[in-house]
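Engineer: Residue numbers (our numbering): 31 to 147. This structure is in structure tokens; I'll ask about it shortly.
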């Protein structure tokens, strides 16, 4: 039997407001001249920092001489900022793209695969 979940809703305009906020901050901070490649590089860097922060939280081995701080929340925020920066550079309406993709995903049926494949 497949579990049916109540559909989660997101107010229209929420993502668009965040995109406009990030666009304003890019201008305010003087980052308007960043190229797509630069923004992708920065996104990759921030993603790596997020992974490293999560690695510490998960209990994986880490360098004992490096500062151990829980900055996962900050790193997630940095990744989101850079995802928006990339979308802005591409001229995307991120909210529109998000909801269009969600329509496709909502039609999928997911089942956890077994490890015996």
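We put the beta carbon where it would ideally sit given N, CA and C, even for glycine.
For residue 76, I'd like the list of residues in its chain whose CB is within less than 7 Å of its CB, leaving aside the five on either flank, ordered along the chain.
Structural biologist: The residue labelled residue 76 in the question sits at position 46 within the chain shown. These residues qualify, in order along the chain: 105, 108, 109 and 112.
Engineer: Do you know offhand how far residue 122's Cα is from residue 94's?
Structural biologist: Here the question's residue 122 lines up with position 92 in the chain shown. Here the question's residue 94 lines up with position 64 in the chain shown. Taking the straight line from one Cα to the other gives about 42 Å.
Engineer: Classify residue 90 as buried or exposed, calling it buried when 16 or more other Cβ atoms lie within 10 Å of its own Cβ.
Structural biologist: Numbered from 1 along the chain shown, position 60 holds the residue referred to as residue 90. Residue 90 should be labelled exposed.
Engineer: Report buried or exposed for residue 78, applying the criterion of at least 16 other Cβ atoms within 10 angstroms of its Cβ.
Structural biologist: Indexing the chain shown from 1 puts residue 78 at position 48. Exposed: under 16 other Cβ atoms inside 10 Å.
Engineer: Going by beta-carbon coordinates alone, are residue 46 and residue 132 separated by less than 8 Å?
Structural biologist: The residue you call residue 46 lines up with position 16 of the chain shown. The residue you call residue 132 lines up with position 102 of the chain shown. Contact: no.
Engineer: Is residue 139 buried or exposed, if buried means 16 or more other CB atoms sit within 10 Å of its CB?
Structural biologist: Locating residue 139 in the chain shown gives position 109, counting from the first residue. Classification for residue 139: exposed.
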